[in-house]
């Protein structure tokens with residue numbers, strides 16, 4: 001039985017509008033697009049205002065006046081509407097960039113460089129396990145070759161012939177990783193699509 | 208001129224540097240609790256400043272779509288609809304709060320279906336992309352195809368039933384992936400760290416404008 | 421309890437090494453030679469093609485806010501946008517910037533404006549070409565679909581940090597007959613770009629793209645400084661693997677310090 | 678001429694045909710289930726046997742972190758686990774949400790699953806949305822009554838709910854299940870529930886975070902999980918009650934085979950063309 005729930009009806013119609021884009025761009029898709037962009041805009045506005053109130057204002061009214069910097073920096077972003085004072089916005093941006101960049105990179109040397117190198121330090125000979133030996137050699141060779149592939153400076157590369165060969169192996173290692181990832185994600189992608197189809201066929205049409 | 212350059216470029220660069228030093232020292236050094244707390248406060252301040260920028264976004268949306276409506280450019284009535292929905296979401300959200308039933312209803316029946324359907328298009332796009340562009344034009348792509356074929360069949364629910372070897376081969380593909388995966392992460396991280404250091408040292412001129420360079 | 425946090429000694433050394441190399445190479449006057457990156461070379465070609473066809477160029481910065489761990493990738497992305505702004509302004513081609521997060525908006529606008537000024541064509545900058553969308557992933561993607569289909573850009577350049585929307589851009593870019601040049605700093609989503617775009621930049625190539633395009637000596641030399649770190653990583657992996665084979669875990673222990 | 682046409686059709690098909698075929702291949706099994714065989718893996722079996730082995734009167738804490746952004750992926754697993762708990766007459770459930778949309782999905786899922794004769798307040802209780810992230814998890818674990826202000830999701834006093842008279846802290850539970858929308862909530866659960874109270878901890882994670890969880894299972898901090906549509910389907914198979922996940926599995930199998938066939942067609946076509954010198 002087809003559903004009588006108005007929410008599901010709206011959802012189903014919007015779902016079909018989006019799917020119609022697969023055929024070609026059309027007014028229905030455009031309607032869905034503008035709907036979701038408008039909704040998202042409202043949503044993001046509320047979330048940001050809430051963040052300002054919960055993180056900043058809440059502290060300020062308890063007498064934590066250091067948060068005045070946040071409000072000042074935030075308001076300075078609006079200086080860009082006055083060309084002469086537009087440079088003032090850099091003060092706000094500078095705080096964001098300084099903090100976020102250092103937050104982003106501060107943990108990387110440990111987690112993304114040293115730990116990964118450590119992970120590839122595997123025995124090149126596993127006694128009594130030929131398969132394990134081959135596996136470990138593959139891991140080490142691919143790690144090294146792929147890093148070398150990413151060396152950009154000519155002066156820092158081995159002779160061109162060797163560099164080409166290593167680069168080739170490195171690319172193969174890289175593409176193995178890409179292929180593995182791709183093959184693995186298809187299932188999740190299909191899960192989402194199947195969920196939408198179930199929504200249309202079962203929740204809405206009630207087949 | 209000198210003065211304005213200091214104000215316009217040098218001080219912002221100094222701010223970037225100081226924020227960076229505080230945040231990085233907080234992780235690497237055994238800093239006193241007060242320093243640690245100020246690093247946390249700094250992050251919250253940055254978050255609030257970032258949230259403040261939403262006004263710029265709203266201004267941009269209003270100008271762009273307002274302009275489209277004024278000029279009656281193609282599809283201007285869609286722009287009206289966009290602004291109407293923006294207003295509805297904002298008003299309901301502010302009046303009742305984003306966790307209220309009213310807001311949830313709007314969110315789940317209008318925002319979520321489009322959102323999820325956009326996401327689910329991945330399923331069809333990936334089929335098309337694999338069919339159309341996934342051709343063994345060289346060894347690298349050939350290897351990539353073979354690896355993803357075995358991963359696909361090993362992952363498919365029916366794979367293990369067809370032949371118990373398929374899931375095992377998929378497990379082995381994980382080994383093949385490890386080297387490239389690790390190297391990719393290492394090298395990207397080196398790039399990111401170097402970029403971060405350049406930013407903190409004020410070498411990335413683009414982000415603070417060229418004035419003063 | 422010493423001055424250093426536990427387990428971070430080696431990481432701090434590495435961090436310091438990157439900084440020292442960067443400062444050392446910054447002072448050098450001669451530029452090194454870099455190997456080619458096909459995707460970067462094709463950017464200018466794609467802009468010229470768009471100019472010939474009289475169609476715009478589309479670029480974006482992804483959905484991650486500046487205040488996030490993707491900041492370095494976003495800055496690399498903005499570097500490329502600065503270059504795009506200059507080139508398109510010179511050739512008189514329209515550049516559309518689709519911006520997701522609002523805190524990137526003022527920065528991207530300024531970079532666009534300054535690119536036009538640097539090219540000597542300040543009037544090429546039009547506020548209306550910077551489109552703010554929102555950092556919600558799928559509304560952002562839907563809006564970019566709209567731009568791709570209705571304004572028919574002939575070149576789509578997405579070099580930075582992208583998520584699952586990567587595949588959407590590649591496939592629809594192809595449908596609209598555009599050249600899509602994309603780069604991603606994340607491995608998984610790079611695979612989507614690889615199967616759907618014309619040219620793909622992988623991983624660190626994204627961070628290097630800005631330096632390649634700028635032709636600035638100090639920036640090119642900065643890439644060389646990173647290459648030295650890569651050699652160190654290779655050497656460490658090799659020595660460590662040999663040591664482990666011989667039954668010594670000294671290197672894994674040192675790295676854990 | 679005609680042979681070349683077939684080749685062109687096969688290798689150069691309009692994307693729209695591919696889209697249509699893809700949607701058909703995936704929806705057909707949803708309407709007409711085939712029941713392709715499925716091999717049950719260790720994850721689903723482990724979770725299932727644990728719940729089956731719970732003695733009569735066991736109390737389960739269910740942290741229901743449902744959110745629309747991740748529901749498509751986790752919903753199947755969450756539904757089947759809730760169903761299993763409901764079907765098991767001896768089990769008592771106390772659920773709470775750390776996500777604002779939790780209550781909505783709780784209501785929806787409960788309607789879909791049914792309560793199998795379980796009575797609200799006696800056999801299961803829902804405390805509703807409790808804001809406050811990590812501090813909230815810690816508070817609920819330490820003092821359930823205090824954390825929710827002595828009221829359930831519907832404003833009823835906990836004193837009127839007989840089940841709650843035995844439940845005061847995490848020590849009173851025999852199992853803790855979490856539906857986390859990312860890796861951080863899992864870590865919070867380990868820090869605030871599993872470690873201090875040594876309670877068995879199962880979860881229903883996103884596919885993307887599963888590989889990061891393996892090391893925690895080795896140390897016993899996580900007892901197990903079901904993480905994908907496939908594992909949810911395996912779970913349904915174990916329970917002998919086919920649901921959405923299982924009906925999706927046929928579609929998954931067909932979809933995977935479809936994609937493999939297409940890749941092969943694309944490549945065979947490419948090589949035939951190349952050998953005939955059409956390309957370039």
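Chains as they are written, first to last, in the numbering used here: chain A, 1 to 207; chain B, 208 to 420; chain C, 421 to 677; chain D, 678 to 957.
Every residue gets a Cβ at the ideal spot worked out from N, C-alpha and C, and that includes glycine.
About 4 Å separates the Cβ atoms of residue 613 of chain C and residue 602 of chain C, confirming a contact at the 8 Å cut-off. Taking a beta-carbon distance threshold of 9 Å, residue 229 of chain B does not count as an interface residue toward chain C. Residues of chain C with a Cβ closer than 7 Å to the Cβ of residue 388 of chain B are, in chain order, 607. The secondary-structure analysis by DSSP pairs residue 604 of chain C across a beta bridge with C:580 and C:622. Interface criterion not met: the Cβ of residue 254 of chain B is under 9 Å from no Cβ in chain D. Residue 488 of chain C reaches chain A at 100, 103 and 104, counting residues in chain order whose Cβ is nearer than 9 Å.
Between the stretch 142-159 of chain A and the stretch 168-182 of chain A, the count of Cβ pairs shorter than 8 Å is three or higher; the stretches touch. Residue 137 of chain A has its alpha-carbon roughly 8 Å from the corresponding atom of residue 122 of chain A.
If you draw a straight line from the Cα of residue 559 of chain C to the Cα of residue 19 of chain A, it comes to about 15 Å.
Per the DSSP secondary-structure output, residue 803 of chain D pairs in a beta bridge with D:772. In this structure, residue 528 of chain C lies away from residue 553 of chain C, with their beta-carbon atoms at least 9 Å apart. Among the CB atoms of chain B, one or more fall inside 9 Å of the CB of residue 48 of chain A. Residue 368 of chain B places its beta carbon less than 9 Å from that of residue 715 of chain D.
The beta carbons of residue 599 of chain C and residue 568 of chain C sit about 12 Å from each other, so the pair does not count as a contact at 8 Å. For residue 569 of chain C, none of the residues of chain B pass the 8 Å Cβ criterion, the least Cβ distance being about 12 Å. The beta carbon of residue 838 of chain D lies closer than 6 Å to those of 798 and 802 in the same chain, with the five residues before and after it left out. Sequence-ordered contacts of the stretch 272-288 of chain B with chain C read 274, 281 and 282 [C-beta pairs closer than 9 Å]. Relative to the Cα of residue 815 of chain D, the nearest Cα in the group D:847, D:788, D:804 and D:764 belongs to D:847. Taken atom to atom, the span from the alpha-carbon of residue 761 of chain D to that of residue 5 of chain A is near 27 Å. Only buried fits residue 286 of chain B, as 16 or more other CB atoms lie within 10 angstroms of its CB. A residue is called buried when at least 16 other Cβ atoms come within 10 angstroms of its Cβ; residue 54 of chain A does not meet this threshold and is exposed. Under the 9 Å criterion on CB atoms, residue 235 of chain B is classed as interfacial with respect to chain C.
Judged by their CB atoms, residue 98 of chain A and residue 227 of chain B are nearer to each other than the 9 Å cut-off. Among the residues facing chain B, residue 620 of chain C is not included, as its CB has no counterpart in that chain under 9 Å away.
Take the alpha-carbon of residue 118 of chain A and the one of residue 321 of chain B: they are about 44 Å apart.
Straight through space, the alpha carbons of residue 430 of chain C and residue 375 of chain B are spaced by roughly 37 Å. The beta-bridge partner set that DSSP reports for residue 854 of chain D consists of D:739 and D:879. The alpha-carbon of residue 283 of chain B is positioned some 34 Å away from that of residue 464 of chain C.
If you look at residue 480 of chain C, you'll find it in the beta strand (DSSP E) that goes 477-480.
A distance below 7 Å between beta-carbons, with the five flanking residues on each side excluded, links residue 509 of chain C to the following residues of its chain, in chain order: 535, 536, 539, 541 and 544. In the three-state DSSP reduction, residue 178 of chain A falls in the helix class (H, G or I). Of the residues assessed, residue 657 of chain C falls on the buried side of the cut-off, its CB having 16 or more other CB atoms within 10 angstroms. Contact between residue 515 of chain C and residue 477 of chain C holds: their C-beta atoms lie close to 5 Å from each other, under 8 Å. Residue 75 of chain A has a beta carbon lying at 9 Å or more from every beta carbon in chain C. Check the Cα spacing between residue 871 of chain D and each of D:900, D:859 and D:758: the tightest is with D:900. Only those residues of the stretch 387-409 of chain B whose C-beta falls short of 7 Å from the nearest C-beta of chain A are listed: 387, 388, 389, 390, 391, 392, 393, 394, 396, 397, 399, 400, 403, 406 and 407.
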